[in-house]
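Single-structure report; data block below.
Okay, here's the thing in structure tokens:
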């Protein structure tokens, strides 16, 4: 009993500190995406997926930085015909009927959160659009990393699904 009690006494503070620790990343599947903090270099930063997903969509994401701050964020997904997911009324209606929210609302929310917080790690997951929110958070972190370093080359994400 003495050893168990000693281990409990040692483990309790460690668990408490872990539970109270600051969130330093965005969890995306099994990969932790680092949170970007700091000053951003002015410019236009772009990320594109190189493949269409199984549903025929491919993400494109741009942010504009002026005076060291993100002034605009534009994340959307496009089909092979070039139609934006936010402009596809049938997709909007079908998703909203199933989950209570469609791309017009959740993409606007995510883009707004990034401009407001200036931090990929502070973006809340939108209920009903969890996987899209996680992808947005991951890609936002990549763009903010590029913006911190002034790397304006387009980031290409090989999102090919096996």
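In mature numbering (1 follows the signal peptide of the UniProt record, and there is no 0), the protein residues as written are -21 to -1, 1 to 141. Note that beta-carbon positions come from the ideal geometry of N, C-alpha and C, so glycine has one too.
If you compare alpha carbons, which of 24, 64 and 134 is closest to residue 45? Along the chain shown, read from residue 1 onward, the residue named residue 45 stands at position 66. Proximity to residue 45 across 24, 64 and 134 peaks at 24, based on C-alpha coordinates.
Which residue wins for smallest C-alpha separation from residue 19, given the options 107, 27, 50 and 54? In the chain shown, residue 19 corresponds to position 40, counting from 1. Per the Cα distances, 50.
Tell me the rounded alpha-carbon separation between residue 108 and residue 88. One-based indexing of the chain shown puts residue 108 at position 129. One-based indexing of the chain shown puts residue 88 at position 109. For residue 108 and residue 88, the distance between alpha carbons rounds to 11 Å.
In the DSSP assignment, the alpha helix (DSSP H) including residue 125 goes from what residue to what residue? For the purposes of this step, residue 125 is taken as the residue at position 146 of the chain shown. Going by DSSP, residue 125 is part of the alpha helix (DSSP H) stretching over 109 to 128.
Runs of alpha helix (DSSP H) wholly within the region 47 to 114 (minimum 4 residues, chain order): 68 to 78 and 82 to 96
In chain order, what residues of the same chain have a beta carbon less than 6 Å from the beta carbon of residue 74, not counting five sequence neighbours either side? Here residue 74 refers to the residue found at position 95 of the chain shown. So the qualifying residues of the chain are 81.
Quick one, which of 48, 98, 62 and 99 has its alpha-carbon nearest residue 38's? By 1-based counting over the chain shown, the position of residue 38 is 59. Nearest option by C-alpha distance: 62.
For residue 36, which of 115, 83, 84 and 64 has the nearest alpha-carbon? On the chain shown, position 57 is the one that residue 36 refers to. Checked all of 115, 83, 84 and 64; the closest Cα to residue 36 is 64.
Given a cut-off of 9 Å on the beta-carbon distance, is the pair residue 119 and residue 52 in contact? Taking the chain shown and counting its residues from 1, one reaches residue 119 at position 140. Taking the chain shown and counting its residues from 1, one reaches residue 52 at position 73. Yes, the pair counts as a contact, with Cβ atoms nearer than the cut-off.
So which of 138, 98, 68 and 99 has the shortest CA-CA distance to residue 84? The count along the chain shown starts at 1 and reaches residue 84 at position 105. It is 68 whose Cα lies nearest to the Cα of residue 84.
Just reading off the beta strand (DSSP E) that residue 41 is part of, what are its end residues? As a first step, residue 41 is located in the chain shown; it is residue number 62 there, counting from the start. 37 to 45 is the span of the beta strand (DSSP E), which, as asked, contains residue 41.
Identify whether residue 136 lies in helix, strand or coil by the three-state DSSP scheme. Looking up residue 136 in the chain shown gives position 157. DSSP places residue 136 in strand when its eight states are reduced to three.
Ordered along the chain, which non-local residues of its own chain (more than five positions away) have a Cβ less than 8 Å from that of residue 32? Along the chain shown, one-based indexing puts residue 32 at 53. Hits under 8 Å: 138 and 140.
To which residues of the same chain is residue 104 closer than 6 Å at the C-beta, ignoring the five residues directly before and after it? The count along the chain shown starts at 1 and reaches residue 104 at position 125. Excluding residues within five positions, the ones whose Cβ falls inside 6 Å are 112.
Taking residue 78 as the reference, which of 110, 123 and 136 has the closest Cα? For this step, residue 78 is matched to residue 99 along the chain shown. Check the Cα spacing between residue 78 and each of 110, 123 and 136: the tightest is with 110.
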